[in-house]
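J.:
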Amino acid sequence: MISFGLEEEQELARDTVRKLAAEALRPRMRDYEKARAVPDALRQQVHELGLGTIDLPEALGGGGASLVTAAIVHEELAVGDPGLAVALASPAAAAHAICALGDEAQRQRWVPRFTGADGWARRGAIAYAERGSGGAPDRFATTARADGDGFVIDGTKAWVVDGGAAELVVVFAQLGDEPAAFVVERENPGLKVGARHQTLGLDVVEASELSFEGCRVGVDARLAGGGEFVAATARLFARLGLVNAARQVGLARAAYEFALDYTQERKAFGKAVAHFQAIAFTLADMHMDVEATRWMVWRAAVEVDRGELHDAWSAIAHAHEAAWRVADHGVQLLGGAGFIRDYPVEKWLRDTKALALHGPPSEALELEAAGAMLGHPVGSALPSPWVQPFFT
Amino acid sequence: MIDFELTKTQQQIREMAHQFAKYAVRPISLEADRTHRIPDEFMQRLADMRGLMTQGEVPKEYGGEGAGAGELKDKKGKTQKNRTALVGAEEMAWGDISVIMSLPGPGLGGPPVEFTGTPEQKERFFSVFKQPGLHWGAYGLTEPGAGSDVAGIRTTCRKEGKHWVLNGRKCYITNGARADWVVVFATVDPALGRAGHRTFVVEKGTPGFSVGKIEDKMGIRASETAELVLDECRVPEENLLGGEASYEGRSKEGFMAAMKTFDSSRPMVAVLGLGIARAAWEAARDFVKQNYLLARPIPRYAQIAETLARGKRALDAGRLLCWRAAWMADEGLPNAKEASMAKAYAARAAMTVCRDAVQLLGAEGLEENRLVEKWYRDIKVFDIFEGTGQVQRIVISKRILKEPPSF
Numbered sequence: 001m002i003s004f005g006l007e008e009e010q011e012l013a014r015d016t017v018r019k020l021a022a023e024a025l026r027p028r029m030r031d032y033e034k035a036r037a038v039p040d041a042l043r044q045q046v047h048e049l050g051l052g053t054i055d056l057p058e059a060l061g062g063g064g065a066s067l068v069t070a071a072i073v074h075e076e077l078a079v080g081d082p083g084l085a086v087a088l089a090s091p092a093a094a095a096h097a098i099c100a101l102g103d104e105a106q107r108q109r110w111v112p113r114f115t116g117a118d119g120w121a122r123r124g125a126i127a128y129a130e131r132g133s134g135g136a137p138d139r140f141a142t143t144a145r146a147d148g149d150g151f152v153i154d155g156t157k158a159w160v161v162d163g164g165a166a167e168l169v170v171v172f173a174q175l176g177d178e179p180a181a182f183v184v185e186r187e188n189p190g191l192k193v194g195a196r197h198q199t200l201g202l203d204v205v206e207a208s209e210l211s212f213e214g215c216r217v218g219v220d221a222r223l224a225g226g227g228e229f230v231a232a233t234a235r236l237f238a239r240l241g242l243v244n245a246a247r248q249v250g251l252a253r254a255a256y257e258f259a260l261d262y263t264q265e266r267k268a269f270g271k272a273v274a275h276f277q278a279i280a281f282t283l284a285d286m287h288m289d290v291e292a293t294r295w296m297v298w299r300a301a302v303e304v305d306r307g308e309l310h311d312a313w314s315a316i317a318h319a320h321e322a323a324w325r326v327a328d329h330g331v332q333l334l335g336g337a338g339f340i341r342d343y344p345v346e347k348w349l350r351d352t353k354a355l356a357l358h359g360p361p362s363e364a365l366e367l368e369a370a371g372a373m374l375g376h377p378v379g380s381a382l383p384s385p386w387v388q389p390f391f392t
Numbered sequence: 393m394i395d396f397e398l399t400k401t402q403q404q405i406r407e408m409a410h411q412f413a414k415y416a417v418r419p420i421s422l423e424a425d426r427t428h429r430i431p432d433e434f435m436q437r438l439a440d441m442r443g444l445m446t447q448g449e450v451p452k453e454y455g456g457e458g459a460g461a462g463e464l465k466d467k468k469g470k471t472q473k474n475r476t477a478l479v480g481a482e483e484m485a486w487g488d489i490s491v492i493m494s495l496p497g498p499g500l501g502g503p504p505v506e507f508t509g510t511p512e513q514k515e516r517f518f519s520v521f522k523q524p525g526l527h528w529g530a531y532g533l534t535e536p537g538a539g540s541d542v543a544g545i546r547t548t549c550r551k552e553g554k555h556w557v558l559n560g561r562k563c564y565i566t567n568g569a570r571a572d573w574v575v576v577f578a579t580v581d582p583a584l585g586r587a588g589h590r591t592f593v594v595e596k597g598t599p600g601f602s603v604g605k606i607e608d609k610m611g612i613r614a615s616e617t618a619e620l621v622l623d624e625c626r627v628p629e630e631n632l633l634g635g636e637a638s639y640e641g642r643s644k645e646g647f648m649a650a651m652k653t654f655d656s657s658r659p660m661v662a663v664l665g666l667g668i669a670r671a672a673w674e675a676a677r678d679f680v681k682q683n684y685l686l687a688r689p690i691p692r693y694a695q696i697a698e699t700l701a702r703g704k705r706a707l708d709a710g711r712l713l714c715w716r717a718a719w720m721a722d723e724g725l726p727n728a729k730e731a732s733m734a735k736a737y738a739a740r741a742a743m744t745v746c747r748d749a750v751q752l753l754g755a756e757g758l759e760e761n762r763l764v765e766k767w768y769r770d771i772k773v774f775d776i777f778e779g780t781g782q783v784q785r786i787v788i789s790k791r792i793l794k795e796p797p798s799f
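Here the protein sequences line up with chains A and B, keeping their order. Mapping the first sequence onto this note's numbering, position 271 (from 1) lands on 271, and the numbers just tick up by one. Mapping the second sequence onto this note's numbering, position 49 (from 1) lands on 441, and the numbers just tick up by one.
1) Would you tell me roughly how many angstroms separate the C-alpha atoms of A:V230 and A:A221, rounded to the nearest one?
2) Listed in chain order, which residues of the segment 6-31 of chain A have Cβ atoms closer than 8 Å to some Cβ of chain B?
3) Is there at least one Cβ from chain A nearer than 7 Å to B:A461's Cβ?
4) Considering Cα atoms alone, identify which of A:D15, A:V249, A:P57, A:W324 is closest to A:R350.
5) How close, in whole Å, do the beta carbons of A:T143 and A:G155 come, if the pair is a contact with beta carbons under 8 Å?
6) Identify the continuous beta strand (DSSP E) that holds A:K192 and give its terminal residues.
7) Anything in the segment 247-263 of chain A with a Cβ closer than 8 Å to a Cβ of chain B? List those residues in chain order, please.
8) Could you name the residues of chain B that A:L283 contacts, counting a contact when the two beta carbons are closer than 7 Å?
9) Spatial neighbours of B:A672 within its chain, please: C-beta separation below 7 Å, excluding the five flanking residues on both sides.
10) Consider the Cβ of B:A676: report whether some Cβ of chain A lies at a distance smaller than 7 Å.
11) Under the three-state reduction of DSSP, which class applies to B:Y531: helix, strand or coil?
12) For A:G336, does the three-state DSSP call read helix, strand or coil?
13) Under 7 Å between C-beta atoms, does A:W298 make it to chain B?
14) Distance cutoff 7 Å, beta carbons only. Does B:D395 sit that close to anything in chain A?
15) In chain A, which residues lie less than 8 Å from B:E483 when you measure between Cβ atoms?
16) Between the segment 736-757 of chain B and chain A, which residues of the former have a C-beta closer than 7 Å to a C-beta of the latter?
17) For A:V205, which three-state DSSP category applies?
18) Kindly say whether A:A173, judged by its beta-carbon, lies nearer than 7 Å to any beta-carbon of chain B.
19) Let me check one thing: in DSSP terms, what residues is B:R590 bridge-paired to?
20) Taking a cut of 8 Å between CB atoms, which residues from the segment 754-783 of chain B lie near chain D?
21) Counting C-beta neighbours from all protein chains within 10 Å, is the total for B:G525 16 or more, i.e. buried, or is it exposed?
22) Please say whether B:C625 and B:F592 have beta carbons closer to each other than 7 Å?
23) Can you tell me which residues form a DSSP beta bridge with A:Q174?
24) Smallest Cα separation from B:T547: which of B:K522, B:F577, B:P511, B:S519?
25) What is the DSSP secondary structure of A:H329, counted as helix, strand or coil?
26) Can you name the residues of chain A whose CB is closer than 7 Å to the CB of B:A694?
27) List, in order along the chain, the chain A residues whose C-beta lies closer than 8 Å to that of B:T427?
28) What does A:V79 reach in chain B if we use C-beta pairs closer than 9 Å?
29) Could you check where the beta strand (DSSP E) with A:Y256 kicks off and where it finishes?
30) Is the segment 98-114 of chain A touching the segment 364-379 of chain A in the sense that three or more CB pairs, one from each, lie closer than 8 Å?
31) Indicate whether the contact test is met: 3 or more Cβ pairs, each with one atom in the segment 326-346 of chain A and one in the segment 284-300 of chain A, closer than 8 Å.
32) Enumerate, from N- to C-terminal direction, the unbroken alpha helix (DSSP H) stretches of 4 or more residues contained entirely within the segment 27-77 of chain A.
33) Identify each residue in the segment 698-710 of chain B for which the Cβ-Cβ distance to at least one residue of chain A is less than 9 Å, and report them in chain order.
34) For B:N559, does the three-state DSSP call read helix, strand or coil?
35) Is the CB of B:M660 under 7 Å away from at least one CB in chain A?
36) What residues of chain B sit near A:F4, judged by a beta carbon separation below 7 Å?
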């Protein structure tokens, strides 16, 4: 049945997060941006609310919520601050990867540490992207080879979110002709942390380079994806991508609402500028973009919960594009003030670009979506590690 | 619950509408466009299947049979009427928009009669559709000098004994010439603004009521667009919708009747546009498949692939806005803003997709025997009728400026 109505617990979750976002995220976002770090107290508070792990399975200590509920929560977090929305949830990305690609023993071994009482202090990471030099775009330059009763991994990964602090990294590598993924723990002497990246937006999110040098892991460290690795990885990307798309909706809504307020205060030629049609119509377009994008994300999320991926790529691409458009209008409607850091809109215009580079970029998604429309199987290949900058 | 699956009944209605569109409507689409009329045999077939394929709904209690869409209720006893109507309408428009707009039924005239008519009036005007033969209702709001600016209408009405005397011109009235009756908006005194508005049902054959010219248009050429002339037109007082008492002390009644129609008609019109654009998109996709993508990887044609992908998601986003407005209507929530958003967004998306479809077909896209050139002409009016994109943005912006921030 076509319905846009929230369940009671979804409304409750939305209202709780909205309050947190208004009280704890938005007022301090510039401080944390400058510090390029999230204080422990905030991590602890968010962890106690179960927000970062809300859609991990209940059996593993997660919230067991549907993806669409996660989308509602992440939209609200991102209205507070998109950077914090990423930074507070990214440590659990590795747990999502292990849930999607690992077997039951692997899930039991590695996931509960992120959902437990001290889960707030723990970081996990997904190491996927590589700087595209040499090799082929459809293969990882990072390699794994079977060696005795395990594997040896060699190569360098770039833009690994939480890479610097991660106690556990899910690393994608080339195993002969196959793509594969392995869990590498921090104490592994073959894992080396490189420099932290300076980024255009989302400064509060830590992203670093990781290198693997003769990094030896046991045979039980390989995440096999239940025998259909590529399809399982596609489902993982769809989940993470839609949560990220929900953040774009939140970011766009923040920019729209800020501009809506500002333009009703700001006067020019004797009246509030919001009452000039050039401004009023822009506000209307922003509002339409925010709403339409939210429904696109929700629809795809409901489908992914049912195991269907066909609208996920479109929804994610749509969110990246629409959010940028709205964020740009947000700066524009504030005029000179929009460019100044006293106001939040300039941050959102930087953040939206950074968010759009978390997960496969729109161009790759669009080709995947078009392929499906033209009768090619969905999720038949992994995105190139070259066009896969960040991962959360 | 957040859900986007159609119910079983909706799936059946969609399937039935699609079959009708594909096998009955699409084959006459080109001819209807060229001759500016619906072939007689088609109209005859409609008469045979009367009640199944109508435009606008006759309420059940007044003899409506429709597809039973109005009867669908969810677990909480709420109707699914608006949502179901959109699902069927999109498929029909996919067949041919002019043919669909020419289907018999109360059309846009239905809602004002339903929402503001007295029980006797509803009985009288809806019973027309129970009579043998084909019958139409129409909606006469627009004038040479006023359309979306409803407050600006200049057609006058004055009371004389048991009659109202109407004077003025209505233009761009869909099915205006063939309609059994037309809902006409008039004013007792333009200086009174909205308070002066009165809504009448003017029946065919009323003295002083005549059809002016039939418009020759860029698109939707087989749809009848008529000018109506009211020259000392004497309308019986029983035809004043709601009765005289309903206008006293309720200064906005007439205006609200006009506006209420838009709350359900705008998402409907929007979804019709999406149906046309989806047809164009599918034609472009098939053309691309046959002509570009033989044995070569899609990334070689990234620009074409991206155009298709973008078009699809623009239509999807537009459809979701329509569904949302319809869901709100079914839930009994005020939806004027959402109805306008659906219309504004979907119209623009549909225009873009039709333009791209012509482009993707290249020179073949311009050919007369290809429907895409027709769809390109048909779609433009969707950015105009039921309120232009600009008017929708006036409605939206006025409302958002009053909304409290969520944050």
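Glycine included, every Cβ here is placed at the ideal spot set by N, Cα and C.
T.: Short version:
1) 17 Å
2) L6, E7, Q10, R18, A21, A22, R26
3) Interpretation of B:A461 is limited by its pLDDT of 47, a score under 50 that renders its predicted location unreliable; no figure is taken from the coordinates.
4) A:W324
5) 6 Å
6) 191-196
7) R253, A254, E257, L260, D261
8) S789, I792
9) V745, C746, A749, V764, W767
10) no
11) strand
12) helix
13) yes
14) yes
15) What B:E483 touches in chain A: nothing, since even the nearest Cβ is about 15 Å away.
16) A736, Y737
17) coil
18) no
19) B:A578
20) The chain labelled as chain D is not found among the protein chains of the depicted structure, namely A and B.
21) exposed
22) no
23) A:T143, A:P179
24) B:F577
25) helix
26) L367
27) Result: empty, since nearest Cβ-Cβ is about 35 Å, beyond 8 Å.
28) S798, F799
29) A:Y256 -> not in any beta strand (DSSP E); alpha helix (DSSP H) instead, spanning 229-265.
30) no
31) yes
32) 29-35, 40-48
33) E698, T699, L700, A701, R702, K704, R705, A706, D708, A709, G710
34) strand
35) no
36) I394, R716, W719
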